[in-house]
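For what it's worth, this note's numbering labels the leading residue of the sequence shown as 6, then goes sequentially.
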Amino acid sequence: MKKTIYALFDVANSPYTILVITFIFGPYFAKEIVGDPVKGAAYWQWTSGICAVSVAIFGPLIGSISDNLKNGRKYAFIVTTLLCIAVTTLFYDAMPDPNFIIFTLVIFFLSNFFYEISQMFYHSLLPNFSKKKNIGYVSGFAFSLGYIAILPVLFFILQFFILPETTLFNLDKSTGEHIRFIAYIVSCWFLLFSLPILIKLLDITIESPKKTKLFIGLKELIWNNGLTIKGKFLIARLFYADGLVVLITGGGIYAAGVHGFNQKELIILAFVGNFVAAITSYFGGHLNDRFGSKQVIEKCLIGFILTIILMVLSRNKQEFFIAVMFVAVFAGPLQSASRVLMTNLLNEKDLGKGFGLFTFSARSTAFIGPLLVGTLTYYISQKYALLAVIPLFAIGYLIFKKLDIKEKYPQ
6 MKKTIYALFD VANSPYTILV ITFIFGPYFA KEIVGDPVKG AAYWQWTSGI
56 CAVSVAIFGP LIGSISDNLK NGRKYAFIVT TLLCIAVTTL FYDAMPDPNF
106 IIFTLVIFFL SNFFYEISQM FYHSLLPNFS KKKNIGYVSG FAFSLGYIAI
156 LPVLFFILQF FILPETTLFN LDKSTGEHIR FIAYIVSCWF LLFSLPILIK
206 LLDITIESPK KTKLFIGLKE LIWNNGLTIK GKFLIARLFY ADGLVVLITG
256 GGIYAAGVHG FNQKELIILA FVGNFVAAIT SYFGGHLNDR FGSKQVIEKC
306 LIGFILTIIL MVLSRNKQEF FIAVMFVAVF AGPLQSASRV LMTNLLNEKD
356 LGKGFGLFTF SARSTAFIGP LLVGTLTYYI SQKYALLAVI PLFAIGYLIF
406 KKLDIKEKYP Q
């Protein structure tokens, strides 16, 4: 039961990442609000990069503070989750007019910031809902359930808001209302499936250890007469997570801008991709418990390098569709295994600050990928801009491969 409660939060937040960040509001912003897919893609990626820097700065501090407070992680998770849901509803007011460019980007920044901080604390709660022997399975199960649960949402949106001439509730397509209304659907879904874990947490007490100075506690995790294993892992993740951010936040805009995917085709792409990701995340969790996080992460990083090459070389929608399926194959297992590895490397008293640093490693330089791709898109070519992501995965792989980590349960 506990693993299901934990996994339901992945069910809750998956429409936010798929619909708001990637496949619906990103392309809608670029095409309809900005009116120029290339400039719109650049603005969206730049904002994503700025948000990543903000999360990197404040994430470890908020995490460290939460560790020093009784139930700090619990209440920080609840508050940031509810703030993300509330701000997301404001996307409904983003009219298809250039005058709403700044407004939309501010809403994107705020909702994404609260989402990332909420995710940071969600990751840190994994030990509270799993056991040592099945932590990989629980993490993979959560990712899998999140991917599979988005499918009915996508089907509902496609059938009642994208395809029909007359939408459910008779929304005005000329003002993009059928797209903007999706913000309410995402927010309601997010709240509904967040309730089990939010309610369960009210009955859980998370004690605070002996208080430590914020920066000393953070430093000890990553540096002890040299970089610790945790520190080296976080540096490796710093690079490959940056590459993953680009693919997740810019995938829909890339498909629309380079290959001309329309809203219907983007949703079908997301639908099939999430189905594939659900399967690989589930089995990836089992592989994690059997072979260890290190093996899973290494194979996924190699897979992503080859996949980006396929995406750039794609000549038409069909070839690009196939390439995106490989992104789906590797994304869930990579994220799940990374979460499990970090959990196994941390003591319980350090989970807040540890996952603050985990978020820092994913966001401190996450502005580089989006800003680089956004800039190359703006000045050179959107099609070839993705090549800039390959070095990020390659450097991450080379650093990670050298780590001396026990295969199953690292210490």
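Backbone N, C-alpha and C fix where the C-beta goes; we use that ideal spot for every residue, glycine too. Bear in mind that the values here come from a model prediction, so they are computed numbers and not experimental data.
DSSP places Leu-232 in the strand class (E or B) of the three-state scheme. Inter-segment contact for the segment 94-101 and the segment 181-195 is present: three or more beta-carbon pairs are separated by less than 8 Å. Contact annotation: Ala-283 and Tyr-142 have beta-carbon atoms that are not nearer than 8 Å.
When the beta-carbon positions are compared, Ile-240 and Asn-117 stay at least 8 Å from each other. Following the DSSP letters along the chain, one finds Tyr-152 inside the alpha helix (DSSP H) bounded by residues 140-162.
Asp-294: member of the alpha helix (DSSP H) spanning 268-296, first to last residue. According to the DSSP assignment, Arg-344 belongs to the alpha helix (DSSP H) that extends over 322-350.
When Cβ pairs closer than 8 Å are counted between the two stretches, the segment 297-313 is seen not to touch the segment 164-178, the count staying below three. Per DSSP, reduced to three states, the secondary structure at Asn-104 is helical.
Non-local beta-carbon contacts of Tyr-389 in its own chain, meaning distances under 7 Å to residues more than five positions away in sequence, involve Val-317 in chain order. With 16 or more other Cβ atoms from the protein chains shown falling within 10 Å of its own Cβ, Trp-49 counts as buried. Membership of Gln-50 in the alpha helix (DSSP H) is indicated by the continuous run 42-72. Where Ala-12 is concerned, the enclosing alpha helix (DSSP H) starts and stops at 7-20. Exclusion of the five residues before and after Arg-78 leaves Ser-71, Phe-126, Ser-129, Ile-211 and Gly-357 as the residues of its chain whose Cβ lies within less than 6 Å of its Cβ. Boundaries for Glu-170: no alpha helix (DSSP H) harbours it, and the DSSP string shows neither H nor E there. Of the candidates Leu-351, Tyr-120 and Phe-280, the residue whose Cα lies closest to the Cα of Val-329 is Phe-280.
Annotation: Leu-351 to Gly-359 spans about 7 Å, alpha carbon to alpha carbon.
Ranked by Cα distance from Asn-133, the options Ala-81, Gly-361, Val-378 and Thr-348 are led by Thr-348. By the Cβ test, the segment 265-275 is not in contact with the segment 37-57, since fewer than three Cβ pairs between them sit closer than 8 Å. Exposed is the label assigned to Pro-157, since fewer than 16 other Cβ atoms lie within 10 Å of its Cβ. Here Gly-256 has Thr-27 as same chain residues with Cβ atoms under 6 Å from its own Cβ, once five neighbours each way along the sequence are excluded. Taken through DSSP and simplified to helix, strand or coil, Ser-135 comes out as coil. By the neighbour-count criterion, in which a residue is buried when 16 or more other Cβ atoms sit within 10 angstroms of its Cβ, Tyr-33 is buried. Contact between Tyr-21 and Tyr-120 holds: CB atoms are separated by about 6 Å, below the 8 Å threshold. Residue nearest to Phe-238 within the set Leu-24, Trp-51 and Gly-401 is Gly-401 (criterion: CA-CA distance). For Asn-76, the secondary structure class from DSSP, reduced to helix, strand or coil, is coil. Between the alpha carbons of Leu-196 and Ile-395 lies a distance of about 36 Å.
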